[in-house]
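In our numbering, the protein residues as written are 1051 to 1483. A short worksheet on the structure shown next.
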Amino acid sequence: MSQPVITRFPPSPTGLLHIGGARTALFNYLFAAHNGGKMILRFEDTDKERSKPEFEQDILDVVHWLGIPYETPPVYRQSERLSVYQGHVARLVDAGMAYEAEESENNPGKKVVRFKNPNSVITFADAVREQVTFDTTDLGDFVIARSIDEPLYHLAVVIDDHDMGVTHVIRGEEHISNTPRQILILEALGFARPEYAHVPLILAPDKSKLSKRHGAVSATDYRAQGFIPEAIINYLALLGWNPGGEQEVFTLEELVKLFTLERIHKAGAVFGTEKLLWFNHEHLKRLSDQEYGARLKDFSKSEFDARLVPLIKERAQTLTEATDLIKEYDFTGDVSCEPALLLNKGKIAAEDASKHLQAVQAIILGVADEDFTAAHIKDAVWPYAEQEGRGAVLWPLRVALSGREKSPDPFTIAALVGKDETLKRIARAAESF
RNA sequence: GGCCCUAUCGUCUAAUGGUUAGGACAGUUCCCUCUCACGGAACAAAUCGGGGUUCGAAUCCCCGUAGGGUCACCA
């Protein structure tokens, strides 16, 4: 209680940071922040073969992008702490708690170090599932180092967590069966146990652990698909945890206030894109037009008319969709108007369309230049449309202005393209019959 | 297979012994509406099965069943 909370996010840089890893980072951060503590970041790169700098970079990029803070400096790297581990291995061997065994398969000439298993029954408290008990006898004398100077995961983790003052180990449920052997090592070393919390797995639709074979699983993929950090954070937080009320949309700050280990679920949760899309749209809609524009520009790498933002905002669920809509709603180019579309595929008579288009043209001509806004144009045109039939008047008008079957309303488009262009397009459409 | 974990609508979940089992996403229908979208309303949809304990069980216990995780000189 009095001890400051220190959590850790310890990815191994052997692949792109996947969505489950991102959630682990999130939970560790939320818990630490909620308790006024901190989260450290540590790369577990004792596997030299599989660890790659580009994966470290991806992990760092994603964590920054998501806006999950961690304590820095330093960012730890196990590969830089080899001498620390060596000392402990030697100590264990000297104390008879570990021993050099058979020759290494991977390092000819060197001997692996095995932990002398006391074959005890380990029970540990887990914040998520109360008590978990294992009989460690079936673990045997497991290997803790490839050789006296090449530590393996379990050893390194235990030493690091101790040295870095980690108080709470919050990790995926797949580690639950690793916990007893880590406790065995930690007890041999004379370290105190941290608190454990094993978070349920994120599942694929088939209920198996979400993995590469299920398609897009890396956070980077979702970023590329036009999801924004706020949505991913929100969605991930609610996968396997829930504050209890009926509120669904949360900011990171709100999550920090609400987060407790007790409310983490026991069962796995299926990762579904539909709800993520909904969260994305919700958070996108909450952005100011200016902020939205900035993000969209950054994402699409293109310039666009800022007045398009409100139109796109209510329609696009992702920045990718928004990018497509920018192109679609760029009414500055030539607008084609096929007669068939102008007549709503035969639902409107050609002579009516032509008549209404000309009438509307006259009305719009009468709208003062300085009043050429969507609201004013609507006020001017509306009475005529009511009188003649809204569909018959508005459909041809909208198609004349947009050239499309689906689009924002004609008044908005008219205001967007300006009076001259509006009149020109109406004239062109009227002549097309 | 051994060990461990889990089990509420299709999905994410609420309920901490007493509710007509609530909300959200997706679905369907309707309203708004010239289209798309937004917005609003409604419908449909669940406590894995069986035994206990209890006046009362989604909730506690046991047994099944099902699913998952893990059993490396990976992490």
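For glycine and all other residues, C-beta sits at the position ideal for the given N, C-alpha and C.
A Cβ-Cβ contact shorter than 8 Å links threonine 1074 with arginine 1221.
Boundaries of the beta strand (DSSP E) around isoleucine 1220: 1218 to 1222. With respect to proline 1123, phenylalanine 1093 sits apart: the two C-beta atoms are not nearer than 8 Å. Non-local beta-carbon contacts of histidine 1248 in its own chain, meaning distances under 6 Å to residues more than five positions away in sequence, involve Asp1176, Val1178, Glu1223, Ile1226 in chain order. Arginine 1100 carries a coil assignment under DSSP once its states are collapsed to helix, strand and coil. The C-alpha of tryptophan 1445 is placed about 46 Å away from the C-alpha of glutamate 1303. Contact between the segment 1134 to 1141 and the segment 1199 to 1210 is present: three or more C-beta pairs spanning the two stretches fall below 8 Å.
Between phenylalanine 1300 and asparagine 1284 a beta carbon distance of about 5 Å is seen, short of the 8 Å cut, so the two are scored as contacting. For the 8 Å CB-CB criterion, leucine 1251 and lysine 1262 do not form a contact.
Counting the other CB atoms within 10 Å of its CB gives valine 1163 a total of 16 or more, which places it among the buried residues. Annotation for proline 1230: Ile1172, Phe1174, Phe1184, Thr1186, Leu1189 place their beta carbon closer than 8 Å to its own, counting only its chain and skipping 5 residues before and after. Here the segment 1415 to 1429 makes no contact with the segment 1377 to 1397; the two share fewer than three CB pairs at distances below 8 Å. Residues Ile1414, Leu1451, Ala1464 of the same chain have their beta carbon placed closer than 7 Å to that of threonine 1472, with the five preceding and five following residues left out of the count.
For aspartate 1176, the uninterrupted beta strand (DSSP E) segment begins and ends at 1171 to 1176. Distances from the alpha-carbon of histidine 1218 to those of Leu1447, Ala1083, Ile1476 put Ala1083 closest. Taking a 10 Å sphere around the C-beta of glutamate 1324, we find fewer than 16 other C-beta atoms and assign the residue as exposed. The beta-carbon separation of proline 1458 and leucine 1361, rounded to 5 Å, stays under the 8 Å limit for a contact. Less than 8 Å divides the Cβ of tyrosine 1135 from the Cβ of proline 1201. Annotation for leucine 1391: Val1449, Glu1455 place their beta carbon closer than 7 Å to its own, counting only its chain and skipping 5 residues before and after. Lysine 1088 carries a strand assignment under DSSP once its states are collapsed to helix, strand and coil.
Contact annotation: alanine 1319 and leucine 1407 have beta-carbon atoms that are not nearer than 8 Å. Short of 8 Å from the beta carbon of leucine 1447, and not among the five residues preceding or following it, lie these beta carbons of its own chain, in chain order: His1406, Leu1407, Val1410, Val1431, Pro1460, Ile1476.
Taking C-beta atoms as the reference points, tyrosine 1149 and lysine 1160 fail to come closer than 8 Å. Closest in C-alpha terms to glutamate 1371, from the list Asp1355, Phe1381, Phe1349, Pro1389, comes Phe1349.
Checking the DSSP bridge columns, you'll see phenylalanine 1059 partnered with Leu1091. As summarised for the segment 1262 to 1288, the continuous alpha helix (DSSP H) elements at least 4 residues long and confined to that stretch are 1269 to 1274, 1279 to 1287, given in chain order. Exposure of arginine 1313 is indicated by the presence of fewer than 16 other C-beta atoms within 10 angstroms of its C-beta. In this structure, His1315 is the residue among Gly1276, His1315, Gly1295 with its C-alpha nearest to the C-alpha of leucine 1289. With distances taken between CA atoms, serine 1154 lies nearest to Ala1195 out of Ala1195, Leu1132, Gln1128, Leu1116. Looking at the DSSP output, proline 1201 shares a beta bridge with Ala1195. The three-state secondary structure of tyrosine 1126, taken from DSSP, is strand. Of the candidates Gln1297, Pro1293, Glu1298, Leu1327, Pro1293 places its Cα closest to the Cα of leucine 1311.
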